[in-house]
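Under the working numbering, the residue at position 167 of the sequence shown is numbered 202, and the numbers go up by one with no gaps. So the structure is just underneath, and the comments pick up after that.
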Amino acid sequence: MRTPLVAGNWKMNLQYAEAMTLVDAIVDGLPENNGAEIVLAPPTIYLHDVLDRIQRKPGIALSAQDVSAYERGAFTGEVAASMLASVGVEYVIVGHSERREYHHEDHPLLAAKVDRVLEQSLLPIFCCGEKLDDRTAGRHFELIEQQLHESLFHLSPEKVTECVIAYEPVWAIGTGVVATTGQAQEMHRFIRQLLFARYGEPIASEMRILYGGSVNATNASDLFTCPDVDGGLVGGASLKAVDFLSIIAAAGTNR
Ligand code: PGA
Numbered sequence: 036m037r038t039p040l041v042a043g044n045w046k047m048n049l050q051y052a053e054a055m056t057l058v059d060a061i062v063d064g065l066p067e068n069n070g071a072e073i074v075l076a077p078p079t080i081y082l083h084d085v086l087d088r089i090q091r092k093p094g095i096a097l098s099a100q101d102v103s104a105y106e107r108g109a110f111t112g113e114v115a116a117s118m119l120a121s122v123g124v125e126y127v128i129v130g131h132s133e134r135r136e137y138h139h140e141d142h143p144l145l146a147a148k149v150d151r152v153l154e155q156s157l158l159p160i161f162c163c164g165e166k167l168d169d170r171t172a173g174r175h176f177e178l179i180e181q182q183l184h185e186s187l188f189h190l191s192p193e194k195v196t197e198c199v200i201a202y203e204p205v206w207a208i209g210t211g212v213v214a215t216t217g218q219a220q221e222m223h224r225f226i227r228q229l230l231f232a233r234y235g236e237p238i239a240s241e242m243r244i245l246y247g248g249s250v251n252a253t254n255a256s257d258l259f260t261c262p263d264v265d266g267g268l269v270g271g272a273s274l275k276a277v278d279f280l281s282i283i284a285a286a287g288t289n290r
C-alpha cells in the first residue's frame with residue numbers, strides 16, 4: 036500500500052512574513068492522521084524557519100527545490116546536499132521542468148544531482164514531463180522513458196526505492212490546463228511499467244508516482260482516484276492554505 040504524498044512547491048514566491056503565515060495556516064489546519072504524507076518546498080532561504088514551524092505537527096516534511104550537482108567548494112550561489120541535510124531537509128526536487136528549461140539542466144547533470152541527494156540520505160522527488168509539441172507529435176512516452184533512463188535508472192534497486200517520481204506535463208504547469216485523468220493514468224501506468232521492466236515487481240508497485248501540473252482543490256480528487264497516481268506536486272495552489280489543505284484531504288480520502 037503506497038501512502039499518498041502531497042508536496043507544495045512554492046517556487047520563487049512569498050516574502051518572509053507571508054511564507055511564515057502560510058506554513059502556520061497549513062500546520063494549524065492539518066488534521067491529525069490525514070492519511071497522506073505532506074512535503075513543503077519553500078525557497079531555500081526559508082527552509083530553516085519553515086522546519087521550526089512544521090515540527091509542531093507530525094507528518095510534514097521539508098523539501099528543497101533544487102540542489103548543487105557538486106559536493107562542496109567554489110560554486111558561488113549553490114547549495115550542497117550536505118548543507119540541506121544539516122538543516123533538517125528530507126526531500127529535494129530534482130529535474131523540475133523550470134530548471135531544465137531556464138537553467139539548461141540536462142540528463143547527466145540531473146543524474147549527478149540525484150546521486151548527491153542520495154549520498155546524503157535525502158530523498159529525491161524526480162520530475163519528468165513532456166512539452167506540448169512532444170505530445171502533439173506523439174513523442175511523449177519516448178521522452179519520459181529517456182528522462183528516466185538517463186537520470187534515474189543508473190541507480191541500484193536499493194537507491195531507486197528512495198526516490199519519488201513526479202510526472203509533470205510541461206503544458207499543464209501553471210497554465211490551468213490539467214491533464215485528464217485518462218492522460219495522467221496512462222502515463223503513470225507507463226512509468227510503473229518502466230520501473231517493472233528495470234527493477235521488477237516489488238519496486239514498481241512500491242514506488243510513488245505523483246502528478247503535477249495545475250492541480251487544484253477542484254480537480255485533485257478526480258486525479259487521485261487514478262490507481263497509479265499516488266499524490267501530487269502542487270505549485271500555485273500550494274500558496275493558499277485552504278486550497279492546499281483540500282488537496283491533502285482529497286489525497287487522504289482516495290487512499
Ligand atoms: P502548478 O505547478 O501546480 O502551478 O501548475 C506545478 C509544479 O510546477 O510543480
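Ideal Cβ positions, reconstructed from N, Cα and C, are used throughout, including at glycine.
Check whether residue i and residue j have beta carbons under 9 Å apart
| i | j | result |
| --- | --- | --- |
| residue 77 | residue 119 | no |
| residue 247 | residue 270 | yes |
| residue 161 | residue 124 | no |
| residue 252 | residue 276 | no |
| residue 206 | residue 140 | no |
| residue 65 | residue 283 | yes |
| residue 178 | residue 214 | no |
Between the CA atoms of residue j and residue i - distance to the nearest angstrom
| i | j | result |
| --- | --- | --- |
| residue 102 | residue 245 | 20 Å |
| residue 220 | residue 204 | 13 Å |
| residue 117 | residue 145 | 17 Å |
| residue 94 | residue 279 | 15 Å |
| residue 52 | residue 235 | 47 Å |
| residue 147 | residue 171 | 31 Å |
| residue 216 | residue 157 | 31 Å |
| residue 121 | residue 90 | 16 Å |
| residue 264 | residue 201 | 10 Å |
| residue 191 | residue 153 | 11 Å |
| residue 175 | residue 229 | 14 Å |
| residue 243 | residue 167 | 24 Å |
| residue 128 | residue 268 | 10 Å |
| residue 262 | residue 126 | 24 Å |
| residue 239 | residue 183 | 14 Å |
| residue 109 | residue 79 | 19 Å |
| residue 62 | residue 72 | 13 Å |
| residue 81 | residue 134 | 20 Å |
| residue 39 | residue 163 | 19 Å |
| residue 138 | residue 67 | 39 Å |
According to DSSP, residues forming a beta bridge with residue i
| i | result |
| --- | --- |
| residue 202 | 163, 246 |
| residue 43 | 75, 269 |
| residue 126 | 98, 158 |
Distance cut-off 8 Å: residue i Cβ against heavy atoms of ligand 1
| i | result |
| --- | --- |
| residue 162 | yes |
| residue 273 | yes |
| residue 208 | yes |
| residue 270 | yes |
| residue 69 | no |
| residue 20 | Because the chain spans 36 through 290 in this model, residue 20 falls outside it and cannot be assessed. |
| residue 41 | no |
| residue 247 | yes |
| residue 133 | yes |
| residue 254 | no |
| residue 286 | no |
| residue 96 | no |
| residue 148 | no |
| residue 46 | yes |
| residue 250 | yes |
Nearest-angstrom beta carbon gap, residue j and residue i [assumed within contact, 8 Å]
| i | j | result |
| --- | --- | --- |
| residue 43 | residue 186 | About 23 Å separates the two Cβ atoms, so there is no contact after all. |
| residue 196 | residue 241 | 6 Å |
| residue 115 | residue 105 | 7 Å |
| residue 88 | residue 55 | 7 Å |
| residue 132 | residue 208 | 6 Å |
Ligand 2 heavy atom lying under 8 Å from the CB of residue i
| i | result |
| --- | --- |
| residue 201 | Inclusion of ligand 2 in the displayed structure is not the case, the ligand content consisting of ligand 1 alone. |
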